[in-house]
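Take a look at the structure set out below.
Residue numbers (the working numbering): 28 to 166.
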């Protein structure tokens, strides 16, 4: 089954996976992820309106120097969003070809849709959160 088929209704409408990884990055680190400069990478795709929201908020709050950003290509295959805009299709910070790799490091054989935006912990390569609405509130 392809990703597109599983993300579409029987009428062909897009059905976004809304069961997010809801871990939060907080000042007190209560979920295990404290606020620290350069610890995390925001992964986005310009083709996604939810990801564009995080790009805008990151810029408005002046977080460019403390939160790096990785851009996936405008499309994805049945496995995942890809880093096909980067040389050799590999994110230069995370060292991965597919965003799914970061999801699988957090939850082996991640069963849900791989969505952007996502925040990935650079040292472990694991997705911290993909809860797009909460990400911008936590910035």
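For every residue, glycine included, the Cβ atom is placed at its ideal position computed from N, Cα and C.
Keep in mind it's a predicted model, so treat the numbers as computed, not measured.
Review point. Could you give the residue range of the alpha helix (DSSP H) that holds residue 130?
Key: As a working mapping, residue 130 is identified with position 103 in the chain shown. Taken as a continuous stretch (DSSP letters only), the alpha helix (DSSP H) holding residue 130 covers 126-133.
Fill in: residue 101 classed as buried or exposed, judged by whether at least 16 other C-beta atoms fall within 10 angstroms
For this step, residue 101 is matched to residue 74 along the chain shown. So residue 101 counts as exposed.
Q | Cα-Cα separation between residue 107 and residue 54, rounded to whole angstroms | A | Sequence index remark: in the chain shown, residue 107 carries index 80 (1-based). Sequence index remark: in the chain shown, residue 54 carries index 27 (1-based). Answer to the nearest angstrom: the Cα atoms are 31 Å apart.
Quiz item: Is the Cβ-Cβ distance between residue 97 and residue 120 less than 8 Å?
Solution: Here residue 97 refers to the residue found at position 70 of the chain shown. Here residue 120 refers to the residue found at position 93 of the chain shown. Result yes, Cβ atoms of residue 97 and residue 120 sit closer than 8 Å.
Checking 8 Å against the spacing of the C-beta atoms, do residue 144 and residue 162 come in under that value?
Counting from 1 along the chain shown, the entry for residue 144 is found at position 117. Counting from 1 along the chain shown, the entry for residue 162 is found at position 135. Yes, these two residues count as a Cβ contact at 8 Å.
Taking the CB atoms as reference points, tell me whether residue 94 and residue 125 lie closer together than 8 Å.
Indexing the chain shown from 1 puts residue 94 at position 67. Indexing the chain shown from 1 puts residue 125 at position 98. Taking 8 Å as the Cβ cut-off, residue 94 and residue 125 do not qualify as a contacting pair.
Practice item. Select from 50, 64, 71, 56 the residue whose C-alpha is nearest the C-alpha of residue 118. Key: Taking the first residue of the chain shown as position 1, residue 118 is located at position 91. Checking every option, the nearest Cα to that of residue 118 belongs to 71.
Legend entry - 7 Å Cβ shell around residue 116 - same chain, five flanking residues per side excluded: Here the question's residue 116 lines up with position 89 in the chain shown. Answer for residue 116: 109, 110, 124, listed in chain order.
Assuming residue 49 contacts residue 158 under a Cβ cut-off of 8 Å, what Cβ separation, rounded to an integer in Å, is found between them? The sequence position of residue 49 within the chain shown is 22, counting from 1. The sequence position of residue 158 within the chain shown is 131, counting from 1. About 5 Å separates the two Cβ atoms, so the contact holds.
Can you give me the C-alpha to C-alpha distance between residue 131 and residue 149, rounded to a whole angstrom? Residue numbering aside, residue 131 sits at position 104 when the chain shown is read from its first letter. Residue numbering aside, residue 149 sits at position 122 when the chain shown is read from its first letter. If I take the Cα positions, the gap works out to 14 Å.
Self-check item: Span of the beta strand (DSSP E) around residue 121
Solution: As a working note, residue 121 is residue 94 in the chain shown. Here residue 121 belongs to no beta strand (DSSP E), and DSSP marks it neither H nor E.
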